[in-house]
Amino acid sequence: MRRAQLVAPFGVGAMSVLVNGTSVITAGLDHWYDVDDVSNLALEEYQEHDWRLEARLRVSEFRLPPDWRHGGTGNDTRNVKLTVPVLRFPRWSFCMYCKRLKISTLSMQQQEQCPDREHSERQYKPRMSQVPFVAICRNGHIDDFPFGKWVHRSNNPQCSGSLRLVSRGGGGLEGQVVTCGYDAKSNRQHSQGCGAERSLQNITATLPGSGGDEHTWLTDHLASPQDPYYCTGAHPWLHRLEGACDLPTRAALRAAGNVYFPKVESSIYLPRQEGAVSAQMHELMRHPAVTGTMRTLHSIFGADLDVGLLRKQLLQNVPPELFKPISDDELMAGYRDFFGIGAEQPQPAADNDAELLTADEEWRYPEFKQIRETPKDDYLTATNPGIHGDLMPYLERVRSVDILRETRALRGFTRVYDEVLRLSVGKALLRRTALHPEQDWLPAYVVKGEGIYFELDPRRLAAWEARAEVQKRADKIATNYGLAAQHRSFQDRPLTPRFALLHTLGHLLINELVFTCGYSSASLRERLYVSTTRGREMAGLLIYTAAGDSEGTMGGLVRMARPDNLRSVFGAAISGARWCSTDPVCMDVGEKGQGPDSCNLAACHGCALLPETSCEEFNRFLDRGLVIGTFDNPDLGYFSQADL
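Residue numbers (the numbering used here): 502 to 1145.
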């Protein structure tokens, strides 16, 4: 498993399958860096910093997931044999031959073997396979499916007979039957069991409730609506099987899409002062002695620290030769950059859980202001390649982003629905014991890459948005999303024409760049800068390399920002969008909505969809009609008149 995958999609609380077929759940952060000898642990190899994102998430640092090393080089045994712990889940297993069910422990390392006596004639007992069912709730809890309670229709069954999971035919869950004491091979009843049996039909279903309350079939019908079965509050990834929760629970297949929704916060690194801190100084600040000394001095002196005192204290803990090429100005610049002194501080989440993170438009506006210029820094560099004459009526500026650094941190997860998650609630799901903000950290990974940034022409965009038919078209997306939000507790958000336009245009361009540059579609990613708020108006789009390895870091993407190259890419993307391979079906179906939650109009896998890791909105809010027009109104799109 790649290290980046331990942030998403296989982060804390997510299930994955090992090479031997065992299903496991990634354990909490408490034991990610456990070693027998603390002197062999060098955390500076894993520590990363982004002062804006640290303030937003209220942590002191980020850490890369540990990588496995068989042995050190020479006498260097640091960080050897570090692992990310996992726990066996689900605990229930069943025998492929006799269908017997058996429950194991979370820490069970060997594969279960069937204990049934009928296998006595075999040379070895057959291995059991884990069941594909789990029980989840909207508070992020997950537990084993209650087979014993389900088959006996009781929250407190008195029978302790042997359970079996028998297939009775049929293509759905109705063909899977849980029995107590039934022998599938001999088709007879065992003495060890009461003979009860029950189909798994409808265990994943939800029920309409009065007053907007959500009900599930598992909660209301395990026993009866008068004796509901609620979530157990289990945290198996934290080795806690008991808890408190009063929400309805539902069954789900362990590989279902609603079992785990990681909440990942992303940040483009912005230097406090361009060019003031070199990459060498950034590397020096990764040293644990430097970091600890700076934190101590900052807690005492804050922004008033004298550079002489800083250098004196550092030289007591760090070899002097490391500081010889570092001037006093750069040393203080590194200190200020590390703590964000003198820069516009992002708004952190308040102690009150009712308050959520600041809106994306407020969070991204500083990035927008800096990237749209031509910054020159070891961690963020952009140049102005110019704009082709054919694109000038539509674009205001283009930037070739030669160097950028993005940090992506996991701050929690949800289950059942991808809904709003408070910061403190999400962080509490990641570990057993909460840490003070001065010692707290979150798992993250860093992408160093390149990209292309462009903005739409504000005058042409304003005139296009003011058209009644454009707003009416965008309102269809907003209406469909509003209906889904009522049932799924989504966060209310504005969906403007410019948002759908830039989002769809980004998808079309990425699909074209995949063919033009030879990238894999998952190695490119979009970042939207869209806002209509007065004083923070934005209409920009950044397309950049998203892979954590070296793919796409050789200049192939920034080269496409050259005027002639970008014009050909735009021309091919716009031309290809005028006719989808599934048209006229795609355009016609889009009049009512399609895709996730019907939040897309004219957009499908044949024209505008991307891998979900490349899209910020999980392939929602897309419409080719707002880009190139519709069959009924060809002049509707922003680029309808473009001759590219």
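Just so it is clear, CB atoms sit at the ideal spot from N, CA and C, and this is done for glycine as well. Predicted, not measured: the structure shown is a model, and the values here were computed from it.
Taking C-beta atoms under 8 Å as the contact rule, I904 and L896 fail to qualify, at a distance of about 22 Å. DSSP links Q992 through a beta bridge to no other residue. Counting along the chain, K600 sits inside no alpha helix (DSSP H), nor does DSSP assign it H or E at all.
Comparing C-alpha distances from Q659 to each of V667, D645, C681, L674 shows the shortest one belongs to C681.
In this structure, the CA atom of L723 is about 49 Å from the CA atom of I769.
Leaving aside the five residues that flank P938 on each side, the residues in its chain whose CB is nearer than 8 Å to its CB run, in chain order, R559, V560, S561. Around the CB of P995, fewer than 16 other CB atoms lie within 10 Å, so the residue is classed as exposed. If the five residues before and after R654 are omitted, its C-beta is found closer than 6 Å to the C-beta atoms of A724, all from its own chain and listed in chain order.
Here Y761 is buried, its C-beta having at least 16 other C-beta atoms within 10 Å. Cβ contact annotation for G776 (same chain, cutoff 6 Å, sequence separation greater than five): K877, D878, in chain order. Note that the C-beta distance between E675 and Q631 is not below 7 Å.
A753: member of the beta strand (DSSP E) spanning 751-754, first to last residue. T997 has its alpha-carbon roughly 20 Å from the corresponding atom of M1088.
In the DSSP assignment, M833 falls within the alpha helix (DSSP H) that extends over 829-840. Of all C-beta pairs linking the segment 958-971 to the segment 920-934, fewer than three are shorter than 8 Å, placing the two stretches out of contact. The continuous beta strand (DSSP E) containing Q631 extends over residues 629-631.
Taking 4 residues as the shortest admissible run, the segment 650-736 contains the following complete alpha helix (DSSP H) segments, listed from N- to C-terminal end: 718-722.
A direct Cα-Cα distance of roughly 50 Å separates G734 from I1129.
Per DSSP, the beta bridge partners of Q1095 are N1101.
For R1037, DSSP records no beta bridge to any residue. Rounded to whole angstroms, the gap between the alpha carbons of A1001 and T794 is 48 Å. For A1073, the enclosing alpha helix (DSSP H) covers residues 1064-1078. Going by DSSP, I888 is part of no alpha helix (DSSP H) at all; its letter is neither H nor E.
In terms of Cα proximity to V765, the closest of F914, G809, G890 is F914. When Cβ pairs closer than 8 Å are counted between the two stretches, the segment 772-789 is seen to touch the segment 829-837, the count reaching three or more.
Judged by DSSP in its simplified three-state form, T997 adopts coil rather than helix or strand. The continuous beta strand (DSSP E) containing G913 extends over residues 896-915. Just measuring C-alpha positions, the residue of A1062, R999, S1115, D1133 sitting nearest S1021 is S1115.
The shortest C-alpha to C-alpha distance from Y918 to any of H642, M1061, R1028, N1101 is the one to H642. Between G1138 and L1127, the beta carbon gap of about 6 Å places them in contact (Cβ cut-off 8 Å).
As DSSP reads the structure, M516 sits in a beta bridge with I526. If you check the CB distance, P1112 and L911 do not come in under 7 Å.
In this structure Y625 is exposed. Its beta-carbon is surrounded by fewer than 16 other beta-carbon atoms within 10 angstroms. By the Cβ neighbour-count rule, E822 is exposed, with fewer than 16 other Cβ atoms within 10 Å of its own.
Here the alpha carbon of D1136 sits roughly 10 Å from the alpha carbon of A1143. R898 and F1119 have their C-alpha atoms some 27 Å from each other.
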